[in-house]
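Accompanying notes for the structure given below.
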Amino acid sequence: MKSRIFFIVLIFLFSLNILSYSDNTGVRRVGDLIIEYSGFTFNQIEEMKGRLGVFEPGRNYNLKFNGLGTGFVPPNEGQYLELLSSGKVITSVKSIYRDKAPANYDNSTSKYFPPIGNQAAEGSCTCWTYGYYMKTYQEAREQDWDLSGASWNWNSGLGINEPTPTTYHNKIFTPDFIYHQINKGIDSGSSGLDAIEFLDKFGCATWDKMPYSDSDHTTWPSKDAYRNAAKYKAYKPGTYFVYIDDTGIQSIKTLVSNNVLIGIAVDAGEYNNFDSNDLLTADTYNSSTTNHANTIVGYDDNYGPYSEGGGTKYGAFKVANSWGVGIYTWENVNDGFYWLSYEALKKLSYQWGLFYEDRNNYTPKYLAVVNMNHNSRKDCLFTITKNKTSTQIKFSERYYRGGQQPFPANDILFDITDLCGTYPRDTYTLTVYDLANNEFHTNSFGESGTATIGTVNKFWIEDYSLSGSDYDNGIPGRIYKSEDSPKNTVNSNNVNLRIFLKAKPKNEVITDTEPVKIEVYPNPITFTQDSKITFRKLKPNSVLKLYTLSGQLIFEYINESGISHLDWYLENQTGTKISAGIYIFYYWDEQGNEQTGKIGIKK
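Going left to right, the sequence shown walks through residues 1129 to 1731 as our numbering numbers them.
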């Protein structure tokens, strides 16, 4: 008994040791920067939880200040665990071309920086930080889009709240593309971690594809918006945290002076303590609360002088807010920015800066197209699997939460380019798991399903890798369609739909010089004499389908077990004997061999 207790204690101590530190160290070049990073320690995660708390289901995180929204949501338990296992904390950042950061730098004066926006009453602050400001600035720099002529047009009487002129709408990114899909269907705020994870999977659409509205929190994007967004993605493995201490202050300066914007979170109630120049110091920022995401865009070591801690100080960070310019009374200088002294930044309850890498020069090659009927979109968990390699992408891990709202009538697009890889020819399976009433998803931490079921109407793959494809106009070189649809979802169960993508990777050499022909025997067949037809010379992972003359699929076999022949007992997929007549068979294998033929069945 004592030895058993000792063993349990040993396992517990070993587990604590594992959890105490994430072995996630590395060095990466990002633009002109060399970034060294390590993993989070257990103590760092516990400190963050102590300061921010843990996401509480049902709580409204969109605190209003004079009618203006905030919306910063802390991580849930699953996200804290994920940070512990794979989060990256910057330990050193250096510029290739400079020994140290210059005395001042201001990204907001760049031609690539968008005009200060206005989230108004909606709780979408994190999506303004990581979508509107950060993603717009990244893409404008990458694409050399000059935004210097853009300004903000706000007219409450006419319901206008947008960048102007509209010629910039295809170069400025909309927060609502992100917010509507991660806010659980209600206007109660959203998580910055969810926003970045969503940007990694889906990207962000430009303003013209989904204009912002602070009165609409639930509408999902159009098919065109999904396609547009997939070109402009984040690179989630390149998500970095900066701890805000003296070393972190210098790291942020180096990052900002190399055109990296930094997301932070503050208590918007402290804006009431601005001085006449909209500065907050360590003397005037005194909150332990966090509710609003903002964006560090610049700094100036010579900003000042100002009084702090009983002495005269210089230096502050320039921060972009998302409450407009001169529209409301939150600021004294009507420019949409405020300043945080270096010591004030260190007093933030959320003591971390956050940014993500851009995915540069990217155009998807393969898009999965899904259409759903379901009145509770939060119930449905989507996974797409490449069968031969057993690799998969999960599109429903916490971040893809639309709440208890119906799916849109239009198609939803999933970028599966990374999944398809260099050798895309394979079988792809869409799995939809439908959470039952009060059934909790493993990583949802507060989100449960309903008794509602729905229908998967469509599962296609659009191939844009072929010559003649036009991605921007939605003209693929080829479309592959699953014949498993429509298929009803089942509570507490998976439904699977498959597609056989016959794409040939560029420059691949097919070793089989002669087409492989399968054998079908007997053909024709008579019910009274034979009970089965045998298909011979099948290849591993090949596909065999049987159709009626009208094109109805009656039987399908995927040769995942690698057998060389298959006995078909004249039954359809449900086990019912088919009637006499003429049928069509179709065969395809991974070497690109295709074969069609007729089968005759006599009474």
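We treat Cβ as the ideally placed atom computed from N, Cα and C, and that holds for glycine.
If you count every other CB in all the chains shown that lies within 10 Å of the CB of residue 1727, and 16 or more means buried, which is it?
Looking up residue 1727 in the sequence shown gives position 599. Result: buried.
So, is residue 1664 buried or exposed, given that buried needs 16 or more other C-beta atoms within 10 angstroms?
As a working note, residue 1664 is residue 536 in the sequence shown. Residue 1664 comes out exposed.
Inspect the CB distances between the segment 1493–1510 and the segment 1560–1569 and report whether three or more fall short of 8 Å.
Taking 8 Å as the limit for Cβ pairs, the verdict is that the segment 1560–1569 does touch the segment 1493–1510.
CA-CA distance, residue 1537 and residue 1309?
Taking the sequence shown and counting its residues from 1, one reaches residue 1537 at position 409. Taking the sequence shown and counting its residues from 1, one reaches residue 1309 at position 181. If you draw a straight line from the Cα of residue 1537 to the Cα of residue 1309, it comes to about 15 Å.
Using 10 angstroms around the beta-carbon of residue 1221, count the other beta-carbons present and answer buried if the total reaches 16, otherwise exposed.
Taking the first residue of the sequence shown as position 1, residue 1221 is located at position 93. The residue in question, residue 1221, is buried, as its Cβ has 16 or more Cβ neighbours within 10 Å.
Classify residue 1210: buried if its beta carbon has 16 or more other beta carbons within 10 angstroms, exposed otherwise.
In the sequence shown, residue 1210 corresponds to position 82, counting from 1. Around the beta carbon of residue 1210, a 10 Å sphere encloses 16 or more other beta carbons of the protein chains shown; the residue is thus reported as buried.
Which of helix, strand or coil does DSSP assign to residue 1131?
The residue you call residue 1131 lines up with position 3 of the sequence shown. Since pLDDT at residue 1131 reaches only 37, below the 50 mark, its modelled position is unreliable, and the value read off the structure follows with that caveat. Reduced to three states, the DSSP call for residue 1131 is helix.
Are residue 1619 and residue 1579 closer than 9 Å when you measure CB to CB?
On the sequence shown, residue 1619 is found 491 positions in, with the first residue counted as 1. On the sequence shown, residue 1579 is found 451 positions in, with the first residue counted as 1. The Cβ atoms of residue 1619 and residue 1579 sit closer than 9 Å to each other.
Less than 9 Å between the beta carbons of residue 1417 and residue 1397, yes or no?
By 1-based counting over the sequence shown, the position of residue 1417 is 289. By 1-based counting over the sequence shown, the position of residue 1397 is 269. When the beta-carbon positions are compared, residue 1417 and residue 1397 come within less than 9 Å of each other.
Please classify residue 1391 as buried or exposed, where buried requires at least 16 other C-beta atoms within 10 Å of its C-beta.
Start at 1 with the first residue of the sequence shown, and residue 1391 comes out as number 263. It counts as buried.
Spatial neighbours of residue 1384 within its chain, please: CB distance less than 7 Å, with the 5 preceding and 5 following residues excluded, ordered by chain position.
In the sequence shown, residue 1384 corresponds to position 256, counting from 1. Same-chain partners within the cutoff: 1233, 1235, 1390, 1424, 1426 and 1427.
Classify residue 1157 as helix, strand or coil using the three-state DSSP reduction.
As a first step, residue 1157 must be located in the sequence shown, where it is residue number 29. Looking at residue 1157 - three-state DSSP - the assignment turns out to be strand.
Cα separation between residue 1414 and residue 1475?
As a first step, residue 1414 must be located in the sequence shown, where it is residue number 286. As a first step, residue 1475 must be located in the sequence shown, where it is residue number 347. One C-alpha to the other measures close to 8 Å.
By the DSSP assignment, the beta strand (DSSP E) with residue 1683 in it spans what residues?
Looking up residue 1683 in the sequence shown gives position 555. Per DSSP, residue 1683 is one residue of the beta strand (DSSP E) stretching across 1681–1686.
Cβ pair count under 8 Å reaching 3, the segment 1491–1499 against the segment 1542–1549
Segments in contact, yes.
Rounded straight-line distance, which links the Cα of residue 1393 to that of residue 1248
As a first step, residue 1248 must be located in the sequence shown, where it is residue number 120. As a first step, residue 1393 must be located in the sequence shown, where it is residue number 265. For residue 1248 and residue 1393, the distance between alpha carbons rounds to 18 Å.
By the 10 Å Cβ neighbour count, where 16 or more other Cβ atoms means buried, how is residue 1699 classified, buried or exposed?
The residue given as residue 1699 occupies position 571 in the sequence shown. Per the 10 Å Cβ criterion, exposed.
Once DSSP output is grouped into helix, strand and coil, what is the label at residue 1500?
Translated into the one-based positions of the sequence shown, residue 1500 becomes position 372. DSSP places residue 1500 in strand when its eight states are reduced to three.
Look at the alpha carbon of residue 1675 and the alpha carbon of residue 1627, and state the distance between them as a whole number of angstroms.
The residue labelled residue 1675 in the question sits at position 547 within the sequence shown. The residue labelled residue 1627 in the question sits at position 499 within the sequence shown. In this structure, the alpha-carbon of residue 1675 lies about 16 Å from that of residue 1627.
Residue 1452 and residue 1437 look like a contact to me (Cβ under 8 Å); what is the Cβ gap, rounded to whole Å?
On the sequence shown, residue 1452 is found 324 positions in, with the first residue counted as 1. On the sequence shown, residue 1437 is found 309 positions in, with the first residue counted as 1. About 33 Å separates the two Cβ atoms, so there is no contact after all.
Where residue 1467 falls: helix, strand or coil (DSSP)
On the sequence shown, position 339 is the one that residue 1467 refers to. Strand.
May I have the straight-line CA-CA distance separating residue 1269 from residue 1583, to the nearest angstrom?
Your numbering for residue 1269 matches position 141 in the sequence shown. Your numbering for residue 1583 matches position 455 in the sequence shown. Whole-angstrom Cα-Cα distance: 42 Å.
Taking the continuous beta strand (DSSP E) assigned at residue 1584, which residues delimit it?
As a working note, residue 1584 is residue 456 in the sequence shown. Here the beta strand (DSSP E) through residue 1584 covers 1583–1591.
If I measure Cβ to Cβ from residue 1670 and keep anything under 6 Å in the same chain, skipping five residues before and after, which residues do I get?
Here residue 1670 refers to the residue found at position 542 of the sequence shown. Annotation for residue 1670: 1687 and 1717 place their beta carbon closer than 6 Å to its own, counting only its chain and skipping 5 residues before and after.
Residue 1735: which of 1192, 1205, 1163 and 1169 sits nearest, CA to CA?
In the structure as shown, the chain starts at 1129 and stops at 1731, and residue 1735 therefore has no counterpart that could be examined.
Residues near residue 1614 by beta carbon distance below 7 Å, same chain, minus five either side
Position 486 of the sequence shown, counted from the start, is the residue given in the question as residue 1614. These residues qualify, in order along the chain: 1583, 1584 and 1585.
Give the secondary structure of residue 1529 by DSSP, where H, G and I count as helix, E and B as strand, and everything else as coil.
Translated into positions along the sequence shown, residue 1529 becomes position 401. Three-state DSSP puts residue 1529 in coil, outside helix and strand.
Residue 1367 versus residue 1460: straight-line alpha-carbon distance, rounded:
Sequence index remark: in the sequence shown, residue 1367 carries index 239 (1-based). Sequence index remark: in the sequence shown, residue 1460 carries index 332 (1-based). Answer to the nearest angstrom: the Cα atoms are 34 Å apart.
Are at least three pairs of beta-carbons, each pair with one atom in the segment 1196–1204 and one in the segment 1212–1228, less than 8 Å apart?
Look at the beta carbons and you see the segment 1196–1204 not touching the segment 1212–1228: under three pairs across the two are nearer than 8 Å.
How is the beta strand (DSSP E) around residue 1651 delimited, first residue to last?
The residue given as residue 1651 occupies position 523 in the sequence shown. Taken as a continuous stretch (DSSP letters only), residue 1651 belongs to no beta strand (DSSP E), as it is neither H nor E.
Do residue 1255 and residue 1318 have their C-beta atoms within less than 9 Å of each other?
Counting from 1 along the sequence shown, the entry for residue 1255 is found at position 127. Counting from 1 along the sequence shown, the entry for residue 1318 is found at position 190. The Cβ atoms of residue 1255 and residue 1318 sit closer than 9 Å to each other.
Among the candidates 1629, 1600, 1566 and 1595, whose CA atom is the shortest distance from the CA of residue 1588?
Your numbering for residue 1588 matches position 460 in the sequence shown. Each of 1629, 1600, 1566 and 1595 was checked against the Cα of residue 1588, and the nearest Cα belongs to 1629.
Host beta strand (DSSP E) of residue 1363 (start-end)
Indexing the sequence shown from 1 puts residue 1363 at position 235. Where residue 1363 is concerned, the enclosing beta strand (DSSP E) stretches over 1362–1371.
Spatially closest choice to residue 1568 from 1185, 1159 and 1162, by CA coordinates
Your numbering for residue 1568 matches position 440 in the sequence shown. Measuring from the Cα of residue 1568, the nearest candidate turns out to be 1185.
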